[in-house]
Amino acid sequence: MLTPMDIHNKEFKRGFRGYSEEDVDAFMDSIAGDYEKVYREYCELKERCDKLQDKLTQYEKMEATMNSTLMLAQQTAENVKVSARKEADLILQETENKKKQMMNETTMSLQSSQQEVEKLKAQTHAFRAKCRAILTSQLRLLDDMVLDAEEPAPAAQQKPAEKRAGANT
Numbered sequence: 001m002l003t004p005m006d007i008h009n010k011e012f013k014r015g016f017r018g019y020s021e022e023d024v025d026a027f028m029d030s031i032a033g034d035y036e037k038v039y040r041e042y043c044e045l046k047e048r049c050d051k052l053q054d055k056l057t058q059y060e061k062m063e064a065t066m067n068s069t070l071m072l073a074q075q076t077a078e079n080v081k082v083s084a085r086k087e088a089d090l091i092l093q094e095t096e097n098k099k100k101q102m103m104n105e106t107t108m109s110l111q112s113s114q115q116e117v118e119k120l121k122a123q124t125h126a127f128r129a130k131c132r133a134i135l136t137s138q139l140r141l142l143d144d145m146v147l148d149a150e151e152p153a154p155a156a157q158q159k160p161a162e163k164r165a166g167a168n169t
């Protein structure tokens, strides 16, 4: 590329009746000044473009890293979800098993309690029957005593078994 110094140091051959040397030199100076400005701007822009290109490369690397990190995070999240579902299913299954076990134990306990109640009812019934039998025999004995007290003396000499037999008839 042409530099401003190349333009400034450029010399032309002189010819017969050529251009005015002063006009050419003035014009060349003007072009050299403008070209120097443009050249500096170009260099600054090129440098800036290189910096931006470096930043772009850095950002592209960051983007690639972020994408891979995001993919890894998504995979990890999916794995966590699957693991949590499995754990939840396991907990539900364990809970269901415990519920069944508790229901079985409760049913067995209820059956045992019902058997115990039936046993107590039978014992109560037997106790009442014994009490009734004892009371009945005591009432008979009491009735016999009253009858004995009311009978005349000769009858008092009868055997007690005969008295009872006569009272029952």
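The sequence shown lines up with residues 1 to 169 when you count with UniProt numbering. Glycine included, every Cβ here is placed at the ideal spot set by N, Cα and C.
(message) So, at 8 Å on beta carbons, what are the nonlocal neighbours of methionine 28 in its own chain, with the 5 sequence-adjacent residues on each side left out?
(response) Your numbering for residue 28 matches position 28 in the sequence shown. Hits under 8 Å: Ile7, His8 and Lys10.
(request) Using 10 angstroms around the beta-carbon of alanine 32, count the other beta-carbons present and answer buried if the total reaches 16, otherwise exposed. (result) What you label residue 32 is simply residue 32 of the sequence shown in a count that begins at 1. It is buried - the Cβ of alanine 32 has at least 16 other Cβ atoms within 10 Å.
(request) Compute the Euclidean distance between the alpha carbons of tyrosine 19 and glutamate 36, then round it to the nearest angstrom. (result) Along the sequence shown, one-based indexing puts residue 19 at 19. Along the sequence shown, one-based indexing puts residue 36 at 36. So the two alpha carbons sit approximately 24 Å from each other.
(message) Can you tell me whether lysine 98 is helix, strand or coil according to DSSP?
(response) Mapped onto the sequence shown, residue 98 falls at position 98. Three-state result, lysine 98: helix.
(request) Can you have a look at alanine 155 and say buried or exposed, based on whether 16 or more other CB atoms are within 10 angstroms of its CB? (result) The residue labelled residue 155 in the question sits at position 155 within the sequence shown. Bear in mind that a pLDDT of 48 at alanine 155, under 50, signals an unreliable position, so the number given afterwards is only what the model happens to contain. Answer is exposed; the Cβ neighbour count stays below 16.
(message) Please report the distance separating the alpha-carbon of leucine 56 from that of glutamate 63.
(response) Numbered from its first residue, the sequence shown carries residue 56 at position 56. Numbered from its first residue, the sequence shown carries residue 63 at position 63. Approximately 10 Å, taken between the alpha carbons.
(request) Tell me whether residue 170 sits in a helix, a strand or coil according to DSSP, three-state version. (result) In this structure the chain extends from 1 to 169, so residue 170 is not present and cannot be described.
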